[in-house]
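A quick write-up on the structure given underneath.
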Amino acid sequence: MRKGCLIVYLSILSLVSYAQIQGRIVDTEKKLPISFATVTYKIDSETKGVVADVQGNFIIPHNNVQQYTVSCIGYKAKEITDLSKQIIIEFSKNIFIIKEL
Numbered sequence: 626m627r628k629g630c631l632i633v634y635l636s637i638l639s640l641v642s643y644a645q646i647q648g649r650i651v652d653t654e655k656k657l658p659i660s661f662a663t664v665t666y667k668i669d670s671e672t673k674g675v676v677a678d679v680q681g682n683f684i685i686p687h688n689n690v691q692q693y694t695v696s697c698i699g700y701k702a703k704e705i706t707d708l709s710k711q712i713i714i715e716f717s718k719n720i721f722i723i724k725e726l
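The working numbering applies: residue 626 is where the sequence shown begins, and numbers increase by one.
Written out as structure tokens, the structure is:
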């Protein structure tokens, strides 16, 4: 009986870990990680989001996402439609020139 419960538990655990999208956000020029970027996505017409860690890694815990948006201060927001289970997203800087205050 215990072996049966363990097998069912491990099967469910493997399905849960499979049903996610993992990614890493890096700078286009230097390929350095972009920490704490925001990743937003919609599920069943509800907007949800996650934040990248210090190394730029993020996990979307759902696999039925159609697209998601990555944004961070100082970088151009990017809409992603590539729904690979693991993806590297390159961000370019958004440069503002202020003439006068």
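Glycine included, each C-beta is placed from N, C-alpha and C at the ideal position.
Model, not experiment: these values are computed from the prediction.
Residue environment: Ile720 is assigned as exposed (fewer than 16 neighbouring CB atoms within 10 Å of its CB, all protein chains considered). CA-CA distance, Gln711 to Ile723, rounds to 38 Å. Phe661 counts as exposed, since fewer than 16 other C-beta atoms from the protein chains shown sit within 10 angstroms of its C-beta. Between Tyr693 and the set Ser717, Val679 and Thr665, the nearest pair of CA atoms involves Thr665.
The shortest C-alpha to C-alpha distance from Ala677 to any of Pro658, Glu671 and Val690 is the one to Pro658.
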